[in-house]
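Novice:
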Amino acid sequence: MADSPLPFFRSGSDPGSSFQELLTRTSPDSLVAQWSPTREDVVHGTTVVAIRYNDGVIMAGDRRATAGFSIANRRIEKVFPADDFSGIAIAGAAGPAVEMVRLFQTQLEHYEKIEGETLSLDGKANQLSLLVRTNLPIAMQGLAVVPLFAGFDHHQGRGRVFSYDITGGRYEEGDFQTNGSGGVHARNWIKSQWSQDLKVKAAIGLALRALFAAADEDAATGGPDLVRKIFPTVAVINKDGYRAVPDEDVAAQAETEIGGREEGAGL
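The numbers in the sequence shown follow the working numbering, run straight up by one, and end at 629.
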C-alpha cells in the first residue's frame, strides 16, 4: 500500500515543529476526545508522586485503577517516559490520560525531528501545559487529567518537578509533588521525611512508604501488595536519562521498607 502523501501548507500557515498545531490543521477532532459515559463507566488512575533527590528525580505510581466504587484494574501503569530525560505520571480519567501521554511523546519526538535538537525542560513542560488545556472541555464533564511532569535539566544540573491544574496552569515544585485521590496523604508523608541530600535508594523508599500510607487512608489507592506481588511503578531520571526500576528491585525494597508493617497489619 502506498504511503499517505505529506500535507503541504501555504506560507504563514506552516505548523513548524508543533505536532499539536499540525493536528489542529489536519485532524482537529483528534485533539479532543469525544466522551459520553457515566462516571461509573470511566476508569480512573489514582496516586502518583515525584520526588527530587540529590542527583535527579524519581517518579512512582500505585497500580490500582477504579471505576465508581469498584476496582477496575490492579496492574495499571501510571508512569511513562516522555523522552530520554523526562517522565510523566498520570492521575485522573485513564483513557484520556494515556492518549495525552502518547500525544505528548509524539510531540517531543516530532519537535526533535523538525528542529534537529531537543526542547529544553521548560519547553517540554509548556508543551504538556497546552495538552492539558486542550483537554479542558471533557475535564469540565468530570473526566479530568492532571499529570505530573519531571525530568533532569542539564543546564541547571538537577532534577525538576512540575504540576498542573485542569486549565493547563503549570507550576514548578521545589522538592516534590503528588497527585490523585490519595495524593494529600502521600504528600504529608513525604513532607515529614524529605531532605535536601536524599539519595536515590532513600527517595525510592520514601515513595514506597508514601504510597503505602496513601493506600491506608484512600480506598482508591493500591499500596505495595506483597501477597499478589503487585508493586508500584518506579522510574529514576538523572543525568544518564530515564530508567524504569525493575519490578524485582522494587519488590525487594518494598519487602524491606514495609514488609513487617504489612504483615503486622494483617493485610
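Here a beta-carbon is modelled for each residue, glycine too, at the ideal position from N, C-alpha and C. None of these values were measured; they are calculated from a predicted model.
(1) What residue from 457, 430, 467 has the CA that sits closest to residue 448's CA?
(2) Please look up how many angstroms separate the CB atoms of residue 521 and residue 418, rounded, as I've assumed it's under 8 Å.
(3) Just the Cα atoms here: how many angstroms apart are residue 400 and residue 592?
(4) Within the region 474-508, note down every full alpha helix (DSSP H) run reaching 4 residues or more, in order along the chain.
(5) Helix, strand or coil: which one does DSSP assign to residue 401?
(6) Helix or strand or just coil, what does DSSP make of residue 418?
(7) Short check: CB of residue 549 to CB of residue 539, under 9 Å?
(8) Rounded to the nearest angstrom, how far is the Cβ of residue 544 from that of residue 425, given a contact under 8 Å?
(9) Taking all protein chains shown into account, decide if residue 423 is buried (16 or more other Cβ within 10 angstroms of its Cβ) or exposed.
(10) Taking the alpha carbon of residue 605 as the reference point, which residue from 568, 513, 564 has its own alpha carbon closest?
(11) So if DSSP puts residue 511 in a beta bridge, which residue, or which two residues, is it bridged to?
(12) Assuming residue 578 is part of the alpha helix (DSSP H), what are its boundary residues?
(13) Just to confirm before moving on: does the CB-CB distance between residue 460 and residue 410 stay below 9 Å?
(14) Along the chain, where does the alpha helix (DSSP H) that runs through residue 582 open and close?
(15) Where do the N-terminal and C-terminal ends of the alpha helix (DSSP H) with residue 441 fall, by residue?
(16) For residue 590, count neighbouring C-beta atoms within 10 Å of its own C-beta (all shown protein chains included) and say buried if the count is 16 or more, exposed if not.
(17) Count the other CB atoms within 10 Å of the CB of residue 586; is the residue buried (16 or more) or exposed (fewer)?
(18) Taking the C-alpha atoms as reference points, what is the distance between residue 510 and residue 526?
(19) Give me the DSSP bridge partner(s) of residue 617.
(20) According to DSSP, what are the bridge partners of residue 423?
(21) Where does residue 396 sit, in a helix, a strand or coil, going by DSSP?
(22) Specify, as a first and last residue, the run of the beta strand (DSSP E) that residue 549 falls within.
(23) Please name the residue, chosen from 412, 420, 537, that lies closest to residue 601 on a Cα-to-Cα basis.
(24) Going by the CB atoms, is the gap between residue 582 and residue 551 shorter than 9 Å?
(25) Roughly how many angstroms lie between the CA atoms of residue 395 and residue 500, to the nearest whole one?
(26) With a Cβ-Cβ cutoff of 9 Å, do residue 530 and residue 491 count as a contact?
(27) State yes or no: is the C-beta of residue 566 within less than 9 Å of the C-beta of residue 596?
(28) Under DSSP, the beta strand (DSSP E) around residue 605 begins and ends at which residues?
(29) With DSSP collapsed to three states, give me the class of residue 538.
Specialist: On the basis of the supplied data:
(1) It is 467 whose Cα lies nearest to the Cα of residue 448.
(2) Confirmed, Cβ separation roughly 4 Å.
(3) Low local confidence applies: a pLDDT of 46 at residue 400 is under 50, so the model's placement there is unreliable, with the coordinate-based value given in what follows. Roughly 29 Å between the two C-alpha positions.
(4) Every alpha helix (DSSP H) of 4 residues or more that sits fully in the region 474-508 is shown, in chain order, as 483-496, 498-501.
(5) Residue placement at residue 401 cannot be trusted, given a pLDDT of 48 that sits under 50; what the coordinates show is reported in the next sentence. Three-state result, residue 401: helix.
(6) The answer is strand: DSSP assigns residue 418 an E or B state.
(7) Contact flag set, yes.
(8) The beta-carbon distance between residue 544 and residue 425, rounded to whole angstroms, is 13 Å. This is too long to meet the 8 Å contact definition.
(9) Burial state of residue 423 is buried, judged by a 10 Å Cβ sphere holding 16 or more other Cβ atoms.
(10) Closest in alpha carbon position to residue 605, among 568, 513, 564, is 513.
(11) Beta-bridge pairing links residue 511 to 450, 524.
(12) For residue 578, the uninterrupted alpha helix (DSSP H) run begins and ends at 562-579, by DSSP.
(13) Result no, Cβ atoms of residue 460 and residue 410 do not sit closer than 9 Å.
(14) It is not in any alpha helix (DSSP H) - residue 582 carries neither H nor E in the DSSP assignment.
(15) It is not in any alpha helix (DSSP H) - residue 441 instead sits in the beta strand (DSSP E) that spans 441-445.
(16) The residue in question, residue 590, is exposed, as its Cβ has fewer than 16 Cβ neighbours within 10 Å.
(17) With 16 or more other Cβ atoms within 10 Å, it is buried.
(18) The straight-line gap from Cα to Cα measures roughly 7 Å.
(19) DSSP, once it has assigned bridges, lists no residue as partnering residue 617.
(20) In the DSSP output, where bridge partners are listed per residue, residue 423 has 410, 595.
(21) Here residue 396 scores only 47 on pLDDT, less than 50, and its place in the model is too uncertain to base an answer on.
(22) For residue 549, there is no enclosing beta strand (DSSP E); the residue is part of the alpha helix (DSSP H) that begins and ends at 545-555.
(23) Just measuring C-alpha positions, the residue of 412, 420, 537 sitting nearest residue 601 is 420.
(24) Contact: no.
(25) Because the pLDDT at residue 395 is just 48, under 50, the model does not fix this residue reliably, and the point stays unresolved.
(26) Closer than 9 Å, so yes.
(27) Yes, Cβ-Cβ distance for residue 566 and residue 596 is below 9 Å.
(28) Run containing residue 605: 603-606, per the beta strand (DSSP E) assignment.
(29) DSSP places residue 538 in strand when its eight states are reduced to three.
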